[in-house]
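Contents: one structure, followed by commentary.
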Amino acid sequence: MIVTIKSEVFSDSKNNSDLNDLMHFFRKGKHRMHLRKASDFDAFDNSQWKRQLSRSDIDVLKEGIGRIDKKEIIVSQLSDNTKFNIKEAYHFLNQNLRIILEQEEYEKPFILKIIEHFDSSDELISALQNGFLEFYNGAGSNSESILRTRITRDSSTNKNFSAQLNKYLRFFELKDSDREYCLNCDEYPESKSRFLKDNKIPHHILYKREKENYMPDRIFDSFLQTAKKNDKKKEFATYYLKLTHPQKDFLDIEKGFSKRVINGREIKDRGSLSSEVQQLYKSLSDEEYRKIGLGLEMSNFKSDFSNYFNQVSREDLLKRIKHQPKLTSRVNSDDKTERNEFEHIIHEIKYLL
């Protein structure tokens with residue numbers, strides 16, 4: 046993150062010890078100091094604190110002073126809803142940025158491949174290795190309760206946090222949209238984002254139904270080549286590959302069009318589906334509907350299917366999103382650059398880091 050320190054902080058020598066604590070982050074490369082105004086630079090240049098710094102420390106600070114490509118926090122003598130006092134700033138910056146995944150074990154291969162193929166700077170890989178960035182298990186649909194608990198816990202245990210607790214969170218949540226169809230590219234179930242928006246928690250809701258829907262066609266092609274003749278996986282892949290992009294985007298790959306019954310699962314009658322879902326899949330013959338109706342059969346679908354992301358290339362992933370709309374940043378309103386979904390996710394995380 047970018048840490049903008051106001052002149053009055055440098056002018057008060059009582060802050061020197063706390064400034065040394067912040068200097069620890071700057072030395073490690075976890076965050077960077079920025080001086081916004083000439084008066085801030087003059088106060089730093091003439092401060093008692095600067096005079097006690099080593100030449101190497103000053104060089105580290107100068108490297109970052111002019112660069113604003115990250116989320117900025119402002120350190121002042123007094124805190125408010127937009128500014129941090131110096132003790133607040135230390136405790137806030139001491140946290141790692143956490144990427145909340147609904148099911149960390151199953152979704153990690155997906156996000157790691159996005160990072161590998163779409164962060165050309167390797168900044169995020171380095172941050173993961175250095176412990177500045179980490180994954181956080183959202184326990185499926187319970188991520189909201191986990192965040193509520195986090196806010197309550199910090200409120201009761203950290204005396205330095207005096208404002209609303211969402212001010213001090215360092216999270217980015219990646220969520221499935223769970224959409225069964227798409228009429229409006231920007232339209233997502235309100236329940237997916239209401240809590241996150243209300244608490245100003247940065248997040249991205251996937252365009253497609255779930256992360257499984259981003260699996261490249263090449264993986265399904267491989268099922269045709271490697272699966273045994275009567276393997277259900279081969280049969281599903283044969284008919285799945287005939288689907289259009291939107292049909293692939295919103296199909297429940299694990300369950301197809303099935304429902305749970307006493308003896309397992311059975312395919313729903315087409316007429317029982319919502320009118321929007323019926324419209325999306327109206328081109329399927331009754332045979333095609335049945336062949337994908339029970340979904341892709343795997344003994345442990347969530348983990349086994351996710352592991353196929355380890356085999357995908359950048360080109361594979363790009364093919365699965367080439368028809369999708371471009372996105373602009375939600376964490377930096379000044380950035381109007383349009384990016385594909387994977388570039389967008391990388392940009393958002395790097396900006397918050």
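According to the working numbering, the sequence shown holds residues 46 to 398 in order.
Yeah, the Cβ is synthetic: ideal placement off N, Cα and C, and Gly gets one too.
Item: Are residue 221 and residue 234 close, meaning C-beta to C-beta below 8 Å?; Value: no
Item: Since residue 339 and residue 375 are thought to touch, with beta carbons under 8 Å apart, how far apart are those beta carbons, to the nearest angstrom?; Value: At roughly 37 Å, the Cβ-Cβ gap does not stay under 8 Å, so residue 339 and residue 375 are not in contact.
Item: Per DSSP, residue 384 is paired with what?; Value: 372
Item: Along the beta strand (DSSP E) that carries residue 78, what are the first and last residues, could you check?; Value: 77-79
Item: How is residue 367 classed by DSSP in three states: helix, strand or coil?; Value: coil
Item: Would you be able to state if there are at least three C-beta pairs under 8 Å between the stretch 353-367 and the stretch 139-158?; Value: yes
Item: Going by beta-carbon coordinates alone, are residue 365 and residue 259 separated by less than 8 Å?; Value: yes
Item: Just to confirm before moving on: does the CB-CB distance between residue 104 and residue 52 stay below 8 Å?; Value: no
Item: How many Å lie between residue 190 and residue 123 at the Cα?; Value: 31 Å
Item: Alpha carbon to alpha carbon, how far is residue 278 from residue 325?; Value: 23 Å
Item: From residue 294 to residue 174, what distance separates their C-alpha atoms?; Value: 33 Å
Item: Tell me whether the beta-carbon of residue 77 lies closer than 8 Å to the beta-carbon of residue 118.; Value: no
Item: For my contact list, residue 144 and residue 394 are in at a C-beta cut-off of 8 Å; report their separation, rounded to the angstrom.; Value: 7 Å
Item: Counting Cβ pairs closer than 8 Å, one from the stretch 251-271 and one from the stretch 294-306, do we hit at least three?; Value: yes
Item: Tell me whether residue 359 sits in a helix, a strand or coil according to DSSP, three-state version.; Value: helix
Item: Take residue 319 as the anchor and find which of 302, 331, 346 has the nearest alpha-carbon.; Value: 302
Item: Could you check where the beta strand (DSSP E) with residue 283 kicks off and where it finishes?; Value: Here residue 283 belongs to no beta strand (DSSP E); instead the alpha helix (DSSP H) covers 277-285.
Item: Near residue 188, which residues of its chain fall below 8 Å by C-beta distance, leaving aside the five closest residues on each side in sequence?; Value: 145, 147, 218, 220
Item: Let me make sure I understand the geometry here. Which of 292, 132, 285 has the alpha-carbon closest to that of residue 322?; Value: 292
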